[in-house]
Amino acid sequence: MKLGEPKQDVDKLLAEWYDRCVGPAAAPDLAKFYAIWERFWTKDILKSNGSRRAGSTWPLQPGYLADVKKEDSSRAAACSTRRLPSANPRAARARRTLEKAFQYYEASVLAYQCGLGAPDSVED
Numbered sequence: 005m006k007l008g009e010p011k012q013d014v015d016k017l018l019a020e021w022y023d024r025c026v027g028p029a030a031a032p033d034l035a036k037f038y039a040i041w042e043r044f045w046t047k048d049i050l051k052s053n054g055s056r057r058a059g060s061t062w063p064l065q066p067g068y069l070a071d072v073k074k075e076d077s078s079r080a081a082a083c084s085t086r087r088l089p090s091a092n093p094r095a096a097r098a099r100r101t102l103e104k105a106f107q108y109y110e111a112s113v114l115a116y117q118c119g120l121g122a123p124d125s126v127e128d
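Next comes the structure, spelled out in structure tokens:
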């Protein structure tokens, strides 16, 4: 990776980051995980009913949590890196940190949607 070169291949940089962050065994799952949330934050959020400033995709209130699809959370959970072994202690630490962040986000979505009485927010 060369700093200061704005025309670098973004996909190549991301692949390198995923690999260095969690190791080669978990990198594909981490890429899938981030692809789910990139789509949500760049496309789905534009249709969100959540409170936000006019013309902005950044929500000011947690209302956007009502628009997180159960399928997205399930697919993201399936991409979890916690089950994959790592010989690299730094990668293992990164995996644990990412997993905790996802668990917090997932719990926030479920709690918010349960509070709204969203019919598909919890499994029977």
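First residue of the sequence shown? That's 5 in our numbering, and the numbers climb one at a time after it.
C-beta: ideal position from N, C-alpha, C; glycine also.
- Using a Cβ distance threshold of 7 Å, Asp71 and Ser84 do not count as a contacting pair.
- Rounded to the nearest whole angstrom, the C-alpha separation of Ser77 and Lys47 is 16 Å.
- Per the C-alpha coordinates, the member of Gly67, Trp45, Ala31 and Ala81 positioned closest to Glu103 is Ala81.
- Here Tyr116 is near Pro66, since their CB atoms are less than 7 Å apart.
- Asp33 sits buried, since 16 or more C-beta atoms from the chains shown fall within 10 Å of its C-beta.
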